Amino acid sequence: MKEQYLRQVARRLSLSRRKKREVLRDLEEAFASAQEHGETEEKVLERLGSPEEFCAGVEEQLGVRQGRGGTAPILLTACGAVLLGLFAAAQAGRPPEGAIGQADAATTIQVESAFPFDPAWLLLGLAALLLLWAAALVLRRRRKERGV
Amino acid sequence: MDSRYVQQFKKGSLEMILLSLIARKETYGYEIITELNRGGADVLGYAREGTVYPILYRLQEAGLLSCRLVPSAANGASKKYYAITERGRSTLEELTAFWERYTACVDAFLRGGEPTEVAK
């Protein structure tokens, strides 16, 4: 029973390897101490709750973010924004696709385009939006950390 | 099941209570749980490892408690003994002082009178 419980907690607990090891050691100690004091294993298991309950409780107390989180989404968004921004900047300098040659002066040729504006600006706008999104994620994370 | 308000309230005082217990003498997890349940299970609710141990970790990471592993003679297992640090003692003093002013103030409000000016 005890071995099974420890195994289940080991499997479910989502903490750093060091913290996980500490929690499991403490759990073993709890069982051993209970035995020393003549308390039954059942009583201890009752007090600990199910492995799910125990893990959830420990994680909540230690402030582990439930569900989505971590650095990954922020990093990816920021990288995406930077790449888009660079791409857009590179595009803005280039002459449009299919240009036969560059004129030295203004021409009267009107190019029909699907967009009423330069797509490079659209990409730049998108990059800016992504950067704002990344910033919002960072702020949200900071606020959550303060709340813990 | 306690209302959410009572739960939150209890959480706040548990850290102070743990510090005061450990300030008395160096002790280990099981002993702490037993003491808690002996002293106040009917008011504070049944103390469980799942709730108490993480608070002990937090207090230790904050430098208010120190711990050491003592190997257990019998089966090669170990026991973790918690002791209060200097910072822990001063924090406990601060908390205790605040608690006394706090209870005096809240009592006054609940009694419906003017809150007395508590000496700072």
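First to last, the protein sequences are chains D and F. Going by the numbering used here, 62 is the number at position 61 of the first sequence; the sequence numbering is gapless. Going by the numbering used here, 140 is the number at position 93 of the second sequence; the sequence numbering is gapless. Quick reminder that beta carbons are idealized off the backbone N, C-alpha and C, glycines included. Given the structure is predicted, the values throughout are model-derived calculations rather than measurements.
1. Kindly indicate which residue of ARG115/F, LEU66/F, ALA120/F, GLN54/F has the alpha-carbon position closest to the one of LEU106/F.
2. Would you say THR74/F faces chain D, with C-beta separation under 8 angstroms as the test?
3. Measure the alpha-carbon distance for LYS57/F versus VAL99/F and round it to whole angstroms.
4. Compare the beta carbon distance of LEU14/D and CYS56/D with 8 angstroms and say whether it is the shorter of the two.
5. Return yes when the Cβ of ARG115/F is within less than 8 angstroms of the Cβ of TYR128/F, no when it is not.
6. Are the beta-carbon atoms of ALA33/D and VAL45/D separated by less than 8 angstroms?
7. Excluding the 5 residues flanking VAL10/D on each side, which residues of the same chain have their C-beta closer than 8 angstroms to its C-beta?
8. In three-state DSSP terms, what is TYR45/F?
9. Could you tell me whether the Cβ atoms of GLY110/F and THR143/F are closer together than 8 angstroms?
10. Measure the alpha-carbon distance for LEU63/D versus MET63/F and round it to whole angstroms.
11. Any idea if GLN67/D is buried or exposed, counting beta-carbon neighbours within 10 angstroms, 16 or more meaning buried?
12. Any idea what DSSP makes of SER50/F, helix, strand or coil?
13. Does any C-beta atom of chain D lie closer than 8 angstroms to the C-beta of THR98/F?
14. Output, in sequence order along the chain, the residues in the segment 44 to 66 of chain D whose CB is closer than 9 angstroms to any CB in chain F.
15. Indicate the three-state DSSP secondary structure (helix, strand or coil) for ALA130/F in the structure shown.
16. The segment 117 to 137 of chain F: which residues have C-beta closer than 9 angstroms to a C-beta of chain D, in chain order?
17. How many Å lie between GLU82/F and LEU16/D at the Cα?
18. Can you check which of these residues, SER113/F, ALA130/F, GLU140/F, is closest to THR74/F by C-alpha distance?
19. Output the distance between the C-alpha atoms of GLU30/D and VAL117/F, rounded to the nearest integer angstrom.
20. Leaving out five residues before and five after ILE102/F in sequence, what residues of the same chain have Cβ atoms less than 7 angstroms from its Cβ?
21. Taking LEU127/D as the reference, which of ARG22/D, LEU77/D, ALA89/D, THR41/D has the closest Cα?
22. Per DSSP, VAL117/F is paired with what?
23. Within 8 angstroms (strictly less), CB to CB, does TYR149/F reach chain D?
24. Go ahead and label ALA120/F buried or exposed: buried means 16 or more other beta carbons lie within 10 angstroms of its beta carbon, across all protein chains shown.
25. Using a C-beta to C-beta distance shorter than 9 angstroms, which residues of chain D count as neighbours of ARG95/F?
26. Since ILE69/F meets chain D, which of its residues come closer than 7 angstroms, beta carbon to beta carbon?
27. Does the beta-carbon of ALA144/F, which I'm using as the reference point, lie nearer than 7 angstroms to any heavy atom of the ligand GDP?
28. Give the residues from the segment 23 to 36 of chain D that approach chain F closer than 8 angstroms (Cβ to any Cβ), ordered along the chain.
Quick answer:
1. In the second sequence, the residue the question calls residue 106/F occupies position 59. Relative to LEU106/F, the option among ARG115/F, LEU66/F, ALA120/F, GLN54/F whose CA is nearest is LEU66/F.
2. Residue numbering aside, residue 74/F sits at position 27 when the second sequence is read from its first letter. For THR74/F, the answer is no, since every Cβ of chain D falls outside 8 angstroms of its Cβ.
3. Residue mapping note: residue 57/F aligns to position 10 of the second sequence, counting from 1. Residue mapping note: residue 99/F aligns to position 52 of the second sequence, counting from 1. Spanning the two alpha carbons is a distance of roughly 12 angstroms.
4. For the purposes of this step, residue 14/D is identified with residue 13 of the first sequence, where counting begins at 1. For the purposes of this step, residue 56/D is identified with residue 55 of the first sequence, where counting begins at 1. Contact: yes.
5. In the second sequence, counting from the first residue as 1, residue 128/F sits at position 81. In the second sequence, counting from the first residue as 1, residue 115/F sits at position 68. Yes. Within cutoff.
6. As a first step, residue 33/D must be located in the first sequence, where it is residue number 32. As a first step, residue 45/D must be located in the first sequence, where it is residue number 44. In this structure, VAL45/D does not lie closer than 8 angstroms to ALA33/D by Cβ.
7. Taking the first sequence and counting its residues from 1, one reaches residue 10/D at position 9. A distance below 8 angstroms between beta-carbons, with the five flanking residues on each side excluded, links VAL10/D to the following residues of its chain, in chain order: VAL24, LEU25, LEU28, PRO52, PHE55, CYS56.
8. Past the boundaries of the shown model lies residue 45/F; chain F is included only from 48 to 167, so the question cannot be answered.
9. The residue labelled residue 110/F in the question sits at position 63 within the second sequence. The residue labelled residue 143/F in the question sits at position 96 within the second sequence. It is not a contact, given that the beta carbons lie outside the stated cut-off.
10. Taking the first sequence and counting its residues from 1, one reaches residue 63/D at position 62. Taking the second sequence and counting its residues from 1, one reaches residue 63/F at position 16. Whole-angstrom Cα-Cα distance: 17 angstroms.
11. Taking the first sequence and counting its residues from 1, the one referred to as residue 67/D is at position 66. Its pLDDT being 49, under 50, GLN67/D is placed unreliably by the model, and the measurement read from it follows with that caveat. Answer is exposed; the Cβ neighbour count stays below 16.
12. Taking the first residue of the second sequence as 1, we reach residue 50/F at position 3. In the structure shown, SER50/F adopts coil according to DSSP, grouped into three states.
13. Translated into the one-based positions of the second sequence, residue 98/F becomes position 51. True, the Cβ-Cβ gap to chain D drops below 8 angstroms.
14. Taking 9 angstroms as the Cβ-Cβ cut-off against chain F, the residues of the segment 44 to 66 of chain D that qualify are VAL45, ARG48, LEU49, GLY50, GLU54, PHE55, CYS56, ALA57, GLY58, VAL59, GLU60, GLU61, GLN62, LEU63, GLY64.
15. In the second sequence, residue 130/F corresponds to position 83, counting from 1. In the structure shown, ALA130/F sits in a strand (DSSP, three-state: E or B).
16. Taking 9 angstroms as the upper bound on Cβ-Cβ separation, chain D lies near residues SER119, ALA121, ASN122, ALA124, SER125, LYS126, LYS127 of the segment 117 to 137 of chain F.
17. Reading the second sequence from its first residue, position 35 is the one you call residue 82/F. Reading the first sequence from its first residue, position 15 is the one you call residue 16/D. Cα-Cα distance, rounded: 28 angstroms.
18. For this step, residue 74/F is matched to residue 27 along the second sequence. With respect to the C-alpha of THR74/F, the residue from SER113/F, ALA130/F, GLU140/F having the closest C-alpha is ALA130/F.
19. Residue 30/D sits at position 29 when you count from the first residue of the first sequence. Residue 117/F sits at position 70 when you count from the first residue of the second sequence. Approximately 11 angstroms between the Cα atoms of the pair.
20. Counting from one through the second sequence, the residue named residue 102/F turns up at place 55. Cβ within range, chain order: LEU61, GLU62, LEU65.
21. Stepping through the first sequence from its first residue, residue 127/D is reached at position 126. Among ARG22/D, LEU77/D, ALA89/D, THR41/D, the Cα nearest to that of LEU127/D belongs to ALA89/D.
22. Mapped onto the second sequence, residue 117/F falls at position 70. Looking at the DSSP assignment, VAL117/F forms a beta bridge with LYS126/F.
23. Locating residue 149/F in the second sequence gives position 102, where the first residue counts as 1. The beta carbon of TYR149/F sits no closer than 8 angstroms to any beta carbon of chain D.
24. Taking the first residue of the second sequence as position 1, residue 120/F is located at position 73. By the beta-carbon neighbour count (other beta carbons within 10 angstroms, threshold 16), ALA120/F is exposed.
25. Position 48 of the second sequence, counted from the start, is the residue given in the question as residue 95/F. Under the 9 angstroms cutoff, chain D gives ARG48, LEU49, GLY50, PHE55, GLY58.
26. Counted from its first residue, the second sequence places residue 69/F at position 22. Contacts between ILE69/F and chain D, judged by CB atoms closer than 7 angstroms, are missing: the closest CB pair is about 15 angstroms apart.
27. Ligands are entirely absent from the displayed structure, and the ligand GDP is therefore not among its contents.
28. Listed by position along the chain: GLU23, VAL24, ARG26, ASP27, LEU28, GLU29, GLU30, ALA31, ALA33, SER34, ALA35.
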